[in-house]
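Residue numbering for the sequence shown follows the working numbering, starting at 97 and increasing by one per position.
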Amino acid sequence: MKKQLRLSYLLLFFLIATAVSSASAKEYRYETVPNDPLKARIYTLDNGLKVYMTVNKETPRIQTYIAVKVGGKNDPAETTGLAHYFEHLMFKGSEKFGTQNYAAEKLLLDQIEQKFETYRKTTDEAARKAIYHQIDSLSYEASKLAIPNEYDKLMAAIGANGTNAYTSFDQTVYVEDIPSNQIDNWAKIQADRFENNVIRGFHTELETVYEEKNMSLTRDSRKVYETVLSALFPHHPYGTQTVLGTQEHLKNPSITNIKNYHQTWYVPNNMAICLSGDFDPDQMIATIDKYFGAMKPNPNLPKLPMSKESEITAPVVREVVGPEAESLSLTWRFPEAASKDYETLQVVSQILYNGKAGLIDLDLNQQQKVLQAYAYPSGMSDYSFLLMQARPKQGQTLDEVKALLLDEVKKLRAGDFDEKMLQANINNFKLYQLQQLESNSGRADWFVSSYINGTDWANEVTGIDRMSKLTKSDIVAFANKYLKDDNYAVVYKRQGKDPNEKKMDKPQITPIVMNRDATSPFLKEVQSSTVPPIEPQFLDFERDLSQLKTQSGIPVLYKQNTNNDLFQLMYVFDMGNNTDKLLGTAFGYLEYLGTSDMTPEQVKSEFYRLACTFRVVPDAERTYVVLSGLNENMPEAMKLFEKLMADAQVNPKAYTDMAANILKGRKDAKLNQQQNFGRLTNYALYGAKSPSTNLVTEAELNSLDPQQLIDRIHAQNGYKHRILYYGPSSEKALVATINQLHRTPKTLKEIPAGTNFPYLKTPTTKVLIAPYEAKQIYMSQVSNRDDRFDANIEPMRQMYNEYFGGSMNSIVFQEMRESRGLAYSAWASLQGPRKLKYPYVMRTMIATQNDKMLDAITVFNDIINNMPESEVAFKLAKEGLITRLRTDRITKSDIIWAYINAQDLGQNVDSRIKLYKDAQSMTLNDVIAFQKKWVKDRTYTYCILGDKKELDMEKLKAVGPIEELTQEEIFGY
97 MKKQLRLSYL LLFFLIATAV SSASAKEYRY ETVPNDPLKA RIYTLDNGLK VYMTVNKETP
157 RIQTYIAVKV GGKNDPAETT GLAHYFEHLM FKGSEKFGTQ NYAAEKLLLD QIEQKFETYR
217 KTTDEAARKA IYHQIDSLSY EASKLAIPNE YDKLMAAIGA NGTNAYTSFD QTVYVEDIPS
277 NQIDNWAKIQ ADRFENNVIR GFHTELETVY EEKNMSLTRD SRKVYETVLS ALFPHHPYGT
337 QTVLGTQEHL KNPSITNIKN YHQTWYVPNN MAICLSGDFD PDQMIATIDK YFGAMKPNPN
397 LPKLPMSKES EITAPVVREV VGPEAESLSL TWRFPEAASK DYETLQVVSQ ILYNGKAGLI
457 DLDLNQQQKV LQAYAYPSGM SDYSFLLMQA RPKQGQTLDE VKALLLDEVK KLRAGDFDEK
517 MLQANINNFK LYQLQQLESN SGRADWFVSS YINGTDWANE VTGIDRMSKL TKSDIVAFAN
577 KYLKDDNYAV VYKRQGKDPN EKKMDKPQIT PIVMNRDATS PFLKEVQSST VPPIEPQFLD
637 FERDLSQLKT QSGIPVLYKQ NTNNDLFQLM YVFDMGNNTD KLLGTAFGYL EYLGTSDMTP
697 EQVKSEFYRL ACTFRVVPDA ERTYVVLSGL NENMPEAMKL FEKLMADAQV NPKAYTDMAA
757 NILKGRKDAK LNQQQNFGRL TNYALYGAKS PSTNLVTEAE LNSLDPQQLI DRIHAQNGYK
817 HRILYYGPSS EKALVATINQ LHRTPKTLKE IPAGTNFPYL KTPTTKVLIA PYEAKQIYMS
877 QVSNRDDRFD ANIEPMRQMY NEYFGGSMNS IVFQEMRESR GLAYSAWASL QGPRKLKYPY
937 VMRTMIATQN DKMLDAITVF NDIINNMPES EVAFKLAKEG LITRLRTDRI TKSDIIWAYI
997 NAQDLGQNVD SRIKLYKDAQ SMTLNDVIAF QKKWVKDRTY TYCILGDKKE LDMEKLKAVG
1057 PIEELTQEEI FGY
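As structure tokens, this is what we get:
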């Protein structure tokens, strides 16, 4: 949890123990904190590099975050977006890798840098185009000496997962999940990358950043967030610039500025390595020191010039216009995340909104006074803020929504909330912390937050204890100090066309040379290194989970949690909305219902008090009744949710409000780009009739007797189902609890037959176009030959996907993004069926600028049908897949789902066993043969979501006959 309170130096003296670890001859001092659930060690190397460690032996892998304390707020005012752009360039290599001949390449890279400096200072468009043509020519020549994506090849070679990075205002963080036997190689690669970064592939990567910027322009939530910050922080970079930067600055980049930025900020005394996983701390710190210890610190790290924000004494009003549905945002400014006040703010925020029993939950969401409302705190290094947001109901104005939100804040200031909420909050904070500690990523990310926000680890560990001492009077005083009725900012999100949007024209880029078969000596050294072997561990479903039965014969799949007190209990029914399209509506209605002796508000508050969550989730083919939380409270929570399922009472007003909100939600969905694209691809897969269009119609909603929904809720447990449990209870105790509390009739009913929605075959190529006005078009290809599941081809299918479309080292990523800068996101895969009745489907996806769409289609078709062949790329794909199979582990409740997924395909063994065995002998020729049989020369349904006025429709006709669809056709209403 991210709560911060600085202890006095005296208290730190007593709380923090300093220990010494010895590795070889050198001793390393580290700090520890009593009662730390992570048992963390915190080292500081001689050059200032911080290293946070927590050991977790559950799997033979390590989550690594390398955090640099620099972000968008540190961008020079004339080149905003620099921190984020440099994050992308950190994947381009160094003097040792990513190049075949750095000395020769550097001559060209220096010329490119000089040309960009001239380009950014030139205003005449004709002259700029001429300079850019020179940059493009030089970049092409430089690419002949480069090895694109060699960093990703290195990560594939050591079996890394989740290669990524992210940038915010305060931080840039680099992410890898590595096998525990690859620590030395990982540290060697990362140290070289951070110390000796080389900026190459600049102009194509700039196009990728343009695409990310374009994507943000159609996401109103991002524009609202940026506007909130500009209203709260008019004198701080949080509000005066954005992380992605302006379009004008992105069009005029400076490699020189970026190099200076790297030299200034990417230094050990401004970095932390945060680790969680299976390793020996003494050996780990010695390895990190070996490779990172020689990095030179910057004793003159710049201080961010900051003028203190003046107090807000009257509401600051802003407006955002965009294509998505309207919303209203209210926000208040608070001190930094390391302050005691931010810790208090987290408790205050939970009283306002916690998803179950906060003031907003019960007063606005439960009573359906708005379509949706929530609140959350956001902590940053220099300031923090509380954000409240809500979407209006049909016919409701944003000012009416604003008044409702302010009323909830007024209740907080008046102390108009149940004091019992404070203890319930603490119970749930403990639950959240247990959930965070479940994963290596959650554990290591806690370190990142502490380092970036400048908190003492002792304060992090003891935060819940301090929050538990807050009284109701403390909360009321805090609310009256900070949450006044005149010191906030309000952002009205209006629906419409944004007048500030600017189109970024496609530059003429010569595709760079990929040199797919080139390998640097550095990569060869890593590939030839000897590491201690880790043997794979696959599931044995008879050994790794238990199959039990209740006294009434209901099957129970059981896996014990031996780590903590968290549990999940689930009833799984093989019936969903395809069986009865009213199920989704019925269980949506359950959210607003009480029982014969409890109001809906009392039900929600009781679940929150117990630190347990109850929900029912029907999808197309299954319904999941889920209870989760603290196992010590499971019997009490189970008794409550069984009571609700059996005794839910009709509430006519709640139904009337819900029906109106469903219709408003459907209307709003049509304004969302992702929703439109999802419906368009469903249309390509299924046709006009699909699970997503199998809806209760408006006429049916308006005429429905809500008692019909109640009847369905009451009847649910009467159908055949199975029970899934992951938690600390013993088999005997679990079955006894189920026998006592699970309410079912003596004889369970068979699952009724439902509507079958088969995938459409694609015998001929055609193009589906649906309308959506945006600067970026979404395109997908769908091909179905009606080939059915075959366990024998599964290993080769997965190897093909790994080689062709599976990662940043794949053919698709290299050709679509690295070589041509056509997209920020692109992928392709032959997707396997999830059940025996479904076929294999070849699918692709790309999001790109309107004027790049035809280029993207042409390139996609070429690489799909004429797959580039590279022994080097195949070897890396194979090595990466095998290495990950050796170290990946299926654990916890995932074991149960692995069993169910195998059953759905008629299997009874872990499919990875065959994949690992077959992969050992696979060759590139095998992949080529598979591609020719399964992928080459398919016919496709192309799905294009965009504005046809921005497309060359005549050229698009050459792809295939065009069918223009309306929103009504793809949404089904």
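Every residue gets a Cβ at the ideal spot worked out from N, C-alpha and C, and that includes glycine.
DSSP places K404 outside both helix and strand once states are collapsed to three, so it counts as coil. Around the Cβ of N835, a 10 Å sphere holds fewer than 16 other Cβ atoms; the residue is exposed. By the 16-neighbour rule on beta-carbons within 10 angstroms, L400 is exposed.
Annotation for V968: R612, D613 and T615 place their beta carbon closer than 7 Å to its own, counting only its chain and skipping 5 residues before and after.
Your pair V937 and E1059 does not check out as a contact, with CB atoms roughly 19 Å apart and the cut at 8 Å. Contact between the stretch 209-217 and the stretch 263-272 is absent, with fewer than three C-beta pairs closer than 8 Å. Under the Cβ criterion (8 Å, minimum of three pairs), the stretch 242-258 counts as touching the stretch 893-907. For L820 and K988, the gap between their C-alpha atoms comes out near 12 Å.
Taking 4 residues as the minimum length, the alpha helix (DSSP H) runs contained wholly in the stretch 796-854 are 802-811 and 827-837, in order along the chain. For E621, no beta strand (DSSP E) segment is defined; the enclosing uninterrupted segment is the alpha helix (DSSP H) at P617 to S624. Under the DSSP definition of a beta bridge, G373 partners with V151 and I158. Q442 is the residue among L501, V497, Q442 and T383 whose C-alpha sits nearest the C-alpha of L566.
In its chain, beyond the 5 residues on either side, S642, L644 and Y654 have a beta carbon closer than 7 Å to the beta carbon of E827. About 6 Å separates the beta carbon of H331 from that of E405, a gap short enough to meet the 8 Å contact definition.
For K988, no alpha helix (DSSP H) encloses it, and the DSSP letter there is neither H nor E. A direct Cα-Cα distance of roughly 25 Å separates V412 from I447. Relative to Y528, the option among L1047, S879 and T709 whose CA is nearest is T709. Counting C-beta pairs closer than 8 Å gives fewer than three between the stretch 317-330 and the stretch 178-196, which falls short of the contact rule. Ranked by Cα distance from Y161, the options S1017, D886 and R539 are led by R539.
DSSP places I1009 in the uninterrupted alpha helix (DSSP H) bounded by R1008 to A1015.
If only complete runs of 4 or more residues are kept, the stretch 996-1063 shows the alpha helix (DSSP H) at 1008-1015, 1020-1030 and 1049-1053, in order along the chain.
For K146, the CB contacts under 8 Å within the same chain, skipping 5 residues up- and downstream, are I138, Y139, T140, M367, A368, I369 and Y547 in chain order. The closest CA to that of P419, considering only E504, F773 and R590, is found on R590. Between the stretch 666-682 and the stretch 847-856 there are three or more C-beta pairs closer than 8 Å, enough to call the two in contact. N353 and I295 have their C-alpha atoms some 12 Å from each other. DSSP lists Q872 as the beta-bridge partner residues of Q945.
Around the CB of V444, 16 or more other CB atoms lie within 10 Å, so the residue is classed as buried. Three or more pairs of CB atoms, one per stretch, sit closer than 8 Å, so the stretch 335-355 contacts the stretch 295-315. Taking 7 Å as the cut-off, the beta carbon of R711 is found closer than this to the beta carbon of V722. At a cut-off of 3 residues, the continuous stretches assigned as beta strand (DSSP E) that sit fully inside the stretch 461-490 are 468-475 and 480-487.
Counting along the chain, S264 sits inside no alpha helix (DSSP H), nor does DSSP assign it H or E at all.
From the listed residues E307, H358 and I279, the smallest Cα separation to D385 is found for I279.
Remark: C-beta atoms of I274 and A252 do not approach each other more closely than 7 Å. For E597, DSSP assigns no beta-bridge partner whatsoever.
The stretch 883-891 and the stretch 783-793 do not touch, with fewer than 3 CB-CB distances between them shorter than 8 Å. As DSSP reads the structure, Q910 sits in no beta bridge.
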